[in-house]
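First up is the structure itself, then whatever we jot down about it.
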Amino acid sequence: MKLKFLLLVFVAINLNLEYVKCNCIWYGQCGPSQHGVDGRYNCKYTGQPKIQTNETFITIFKDLCPHMYKENEDIRTCCDYEQLITFYDNLSVPRQLLSRCPSCFKNFKAFLCDFTCSPTQNEFMLITKEDEYHPSENVTKIEVVELTYHITNYSVNALYKSCQDVQYAASNQKVMDLLCGTSAESCSPEIFVNYLGHNSQTPFIFNMNITENEYNFNSTLHIKPKNTTMYECSKQVTTENFNASACGCSDCEDSCPVPVPPPIQKPCKIFSLTCGDVFAITLFIVFTTTFLVVIFVFSSTNGKKNLKYQKFDNECDQEESKPFLQDQLDQSQKASKIKMFGVHTDRYIEIFFQKLGFVCASSPIKVILLGLMLCLVCSGGFMYFSVLTDPVELWSPENSDTRINKDYYDSHFRPFYRTTQIIIRPTNQTPWIHEIFDDFGPVEYSSALRLDFLHQVLELQNKISSLEGQLENDQGLKLNKTVKLKDICFAPLKPDNSNCTIQSILNYWQNDPDLLDKIVVDPDFGITNADYITHFETCTKSPTSVNDTLGLSCLGTYGGIVSPFVAMGGYPQYKKAQQYGNASALILTFIINNHKNESENLAAMAWEKSVIEFLKNYTNENMSISFSTERSIQDELDRESKSDISTILISYMAMFLYITLTLGKYKLLKKNTNESNFNWILKMCQQFLVDMKFSLGMVGVVIVMLSVASSIGLFSYFHVKATLIIFEVIPFLVLAVGVDNIFILVQSYQRDIRLDHETLEEQIARIVGKVGPSMLLTSSAESLAFFLGALTPMPAVRIFSLYAGLAVLIDFILQITVFVSFMTLDCKRELSKRFDLIWCLKNTSGLNEETENEADTDGFLFNFFKNKHAPFLMNKCTRPLVIIVFFAIFFTSVSLMAKVETGLDQKLSMPKDSYVLDYFEALEKYLSVGVPVYFVLKNVDDYSS
-10 MKLKFLLLVF VAINLNLEYV KCNCIWYGQC GPSQHGVDGR YNCKYTGQPK IQTNETFITI
50 FKDLCPHMYK ENEDIRTCCD YEQLITFYDN LSVPRQLLSR CPSCFKNFKA FLCDFTCSPT
110 QNEFMLITKE DEYHPSENVT KIEVVELTYH ITNYSVNALY KSCQDVQYAA SNQKVMDLLC
170 GTSAESCSPE IFVNYLGHNS QTPFIFNMNI TENEYNFNST LHIKPKNTTM YECSKQVTTE
230 NFNASACGCS DCEDSCPVPV PPPIQKPCKI FSLTCGDVFA ITLFIVFTTT FLVVIFVFSS
290 TNGKKNLKYQ KFDNECDQEE SKPFLQDQLD QSQKASKIKM FGVHTDRYIE IFFQKLGFVC
350 ASSPIKVILL GLMLCLVCSG GFMYFSVLTD PVELWSPENS DTRINKDYYD SHFRPFYRTT
410 QIIIRPTNQT PWIHEIFDDF GPVEYSSALR LDFLHQVLEL QNKISSLEGQ LENDQGLKLN
470 KTVKLKDICF APLKPDNSNC TIQSILNYWQ NDPDLLDKIV VDPDFGITNA DYITHFETCT
530 KSPTSVNDTL GLSCLGTYGG IVSPFVAMGG YPQYKKAQQY GNASALILTF IINNHKNESE
590 NLAAMAWEKS VIEFLKNYTN ENMSISFSTE RSIQDELDRE SKSDISTILI SYMAMFLYIT
650 LTLGKYKLLK KNTNESNFNW ILKMCQQFLV DMKFSLGMVG VVIVMLSVAS SIGLFSYFHV
710 KATLIIFEVI PFLVLAVGVD NIFILVQSYQ RDIRLDHETL EEQIARIVGK VGPSMLLTSS
770 AESLAFFLGA LTPMPAVRIF SLYAGLAVLI DFILQITVFV SFMTLDCKRE LSKRFDLIWC
830 LKNTSGLNEE TENEADTDGF LFNFFKNKHA PFLMNKCTRP LVIIVFFAIF FTSVSLMAKV
890 ETGLDQKLSM PKDSYVLDYF EALEKYLSVG VPVYFVLKNV DDYSS
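Counted the way our numbering counts, the sequence shown spans residues -10 to 934.
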């Protein structure tokens, strides 16, 4: 029995010695922190850890420190209930940032739990600074102000590695950008844990000593670095009190499956030429060689046939030759059925146009009135006319995956925010030196961070924020109501905080000029310890900081962070770290609520309009400004279409004058020997008025305009929205096609000789039958080409193709009917020698027919093509050369097709004098962040899988 008793005493003594070793350094909370945050210091306590029996404490402790909790054992901690609640509350922000990666958040909690509640604190923590606290008059406590935390390399590296890739989805950046005091690229395990102990959010400073070495601090205290078990982010965490899946690929690089290396695709080259170029050259050689061989064989065969036919002709010299038409008929009878079908088709088309021409020439007034009436009916669709200006609807097909996903997102959530963005650059780009950093010496900063320049930018920002817009309805009529930024902006904390979201570095100083000028001066030496630059450095490294050496918060007035990579532009990088201090541009971004229903965006558009008008008239010699609002692109497209109206009118007038002057066939009268100059000039003027085709040219231009209007009206009946490019391109396109047909009809009549016993109507009918098929062929080919373009899914191209194809078709129909009728009336006027435009007056100069025929001329161009160009082109050497040149151009184009870059450069859609074009250029040069990407999961029951 004595032996058993002695054994129990020995065990009890050893257990008591073990607990003596496990002492705390604090327990409970003391006075308020002087470190700049709303927190409290912990009270110094060097006794043994205390047993916790509070059920609420145990529940919270089990959640925060599962690695220290054991079932059916006493819970001994160096923290009381109040400390544990403070610890829990302080984890609210890290919980939002890190909980998407369970192992990271668990490691982070374990790191802080050991720091706060570990029963062996005195083994790895040393108090380096303490102070007295007097809760009451006769009570004095010691509070811990600063300490040193000894921790192993393994714990620090494992903690950092498990969290380094975790993404903060709200701002599309890594959480290390917020938790490391610097950018995620320049962060490291040492920087990470040191910042946790020195940032403005902790109530006291704890210095990190990362080491593997144990040592005796004194005769009674042995320091052993804390070695907390950490979990890899790529592995599932399964313990007695905690169970969580591995982190996702986006938050943990090790969780990503090893990608299969893509096959190395070496560029296909042959003798330094791409395979495409070699292929095109080979095809060119093959086609050219084949063509030349065929030409050679065909020429040889024809030569032999000619000799045979010559011999046959000599033998049959006495026979009477068959008439030409009969010979053609015999040849046609021997031709194939396909050729016969072609001959009959051509003949039927010619007969159809001849009959149509006769009807139009015989009843010109009826045809003209009928044509005008039909055009007016078609143009009546303008009452339903609407223009499509939304870039999304213009350039993205409705059935495309991207468009469908966007519509789904917009309808179930809401469209992405409207943004008004101003990019500001100082005109003086000379850098300057800031000399407040004693540890690093003078530091160079860009001129964009000069204090006077920041004040000017802040003044501009506040002016923009205070602008008011005049509300307009859907028809553009102004209403008696104004709109302010606060009425439309995105305020995430509203109604508690109604301040608007403005991404600007001036929000680091809460948009207050007095805070921008704030400095902290050493009372003993009178030197400046902190100013706006030190605050800037703090905020760019830790945008979530709420207190720094200047005593200011980095959070904006709206309660959120200002990301430096959004608010600054043109900054260089050094060792993957952004050098924000050398940024060459400041960026102001106003975030405005957006709605799927466009009528709900009228207020935002009114305010944006006031911003555009203000910035267009704003001048400051110290800065250059590029800006854009959500409505800017639509406004500029609309302005471009309206400005093109004058261009269209000038072009139509120029073409009208050209038609008027060149369509007529003017006669140069010979002067009689006994005739005075005045009489000769008078006769010339009278004859000019007869030969002039002013009215006919005007009719031709009007027909083109009517065809465009009819096309727009017809599609408007079917509610097919138009695009602004219709007014910019189609009038010129249809005018070019229409003018060709006008000249074909008129000049065919002018160069034709009326047959015996043939009336004017019959002559015009014959001419229409002659040129109608060729006009039908060209117009139908052009119209069909446009209609084929409508097969493309891109709305802008499809709508343009539909409108253009129908306009060309209507133009052809009007020219072959209405214009022919007008031409008949004009021919009758000319034959009766009546003046153009003044049909009631007649030329009485008495010009004789003989003189007219002698003075007639076909014109320079006609004679050139007839006597020079056509003979040269039909030369037996020229014809093969032309085909070979065509082959060369064609296969060169085929080779270059592969080098055409896909995509639509948005700068090409803007006028050259547009302020948006300047903004696009500044955007490419200075902005370092793009639009966010959203992934929406539909019809998922269990999102945890």
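Quick reminder that beta carbons are idealized off the backbone N, C-alpha and C, glycines included.
Three or more Cβ pairs closer than 8 Å define a contact, and the segment 767 to 784 meets that threshold against the segment 794 to 801. A residue is called buried once 16 or more other Cβ atoms fall within 10 Å of its Cβ, and PRO415 is buried on that count. Nearest neighbour of LEU456 by Cα position, chosen from THR527, LEU443 and THR471, turns out to be THR471. C-alpha of PHE789 to C-alpha of PHE775: approximately 8 Å in a straight line.
When rounded, the separation of the alpha-carbon atoms in ASP627 and VAL226 is 59 Å. In terms of Cβ geometry, HIS524 and LEU539 form a close pair [threshold 7 Å].
When the five nearest sequence neighbours on each side are left out, the beta carbons in the same chain lying within less than 7 Å of the beta carbon of ASP103 are those of LYS215 and THR217, in order along the chain. Secondary structure note for ARG414: its beta strand (DSSP E) is the uninterrupted segment 407 to 415. Inclusion of TYR647 and ILE719 in the CB contact set at 7 Å is not warranted, their separation being larger than that value. The segment 493 to 504 makes contact with the segment 543 to 558; the number of CB pairs closer than 8 Å reaches 3 or more. With a cutoff of 7 Å on beta-carbon distance, VAL690 and TYR641 are scored as near each other.
Within a 10 Å sphere around the beta-carbon of ILE453 sit 16 or more other beta-carbons, which makes this residue buried. Annotation: the continuous beta strand (DSSP E) that includes LYS467 extends over 467 to 473.
By the neighbour-count definition (other C-beta atoms within 10 Å, threshold 16), VAL249 is an exposed residue.
DSSP, read as helix, strand or coil, puts TYR16 in strand. Taking C-beta separations shorter than 8 Å and ignoring five residues to either side along the sequence, the partners of ASP335 in its chain run PRO762, following chain order.
For ARG755, the enclosing alpha helix (DSSP H) begins and ends at 749 to 778. When DSSP states are grouped into helix, strand and coil, ASN188 belongs to the coil group. In the same chain as TYR560, and ignoring 5 residues on each side of it, the C-beta atoms closer than 7 Å to its own belong to GLN567, GLN568, TYR569, ASN571 and ALA572, in chain order. Counting only runs of 3+ residues, the beta strand (DSSP E) found wholly inside the segment 446 to 530 occupies 457 to 461, 467 to 473 and 517 to 519, in chain order. Closest by C-alpha distance to GLU44, out of SER22, TYR70 and PRO83, is TYR70. In this structure, ILE199 and GLU174 do not form a Cβ contact; the two beta carbons are roughly 21 Å apart against a cut-off of 8 Å. Per DSSP, the unbroken beta strand (DSSP E) holding MET612 starts and ends at 612 to 617. By the Cβ-count criterion, MET362 is exposed, with fewer than 16 other Cβ atoms from all chains shown falling within 10 Å of its own Cβ.
A straight-line Cα-Cα distance of about 33 Å links ALA574 and SER385.
Using a Cβ distance threshold of 7 Å, THR105 and CYS68 count as a contacting pair.
Annotation: SER261 to VAL267 spans about 10 Å, alpha carbon to alpha carbon. Proximity of the segment 183 to 192 to the segment 108 to 126 falls short of the contact definition, fewer than three beta-carbon pairs being nearer than 8 Å.
If you look at CYS32, you'll find it in the beta strand (DSSP E) that goes 29 to 33. By the neighbour-count criterion, in which 16 or more other beta carbons inside 10 Å mark a residue as buried, LEU443 falls on the buried side. The DSSP-derived three-state label of PHE402 is coil. THR527 is a Cβ neighbour of ASP537, given a cutoff of 7 Å.
With fewer than three CB-CB distances shorter than 8 Å, the segment 722 to 736 does not count as touching the segment 395 to 412. For LEU87, the enclosing alpha helix (DSSP H) begins and ends at 81 to 87. Straight-line measurement puts the Cα of LYS163 at about 8 Å from the Cα of GLN153.
Going by beta carbons, PHE645 and GLY686 fall inside the 7 Å limit.
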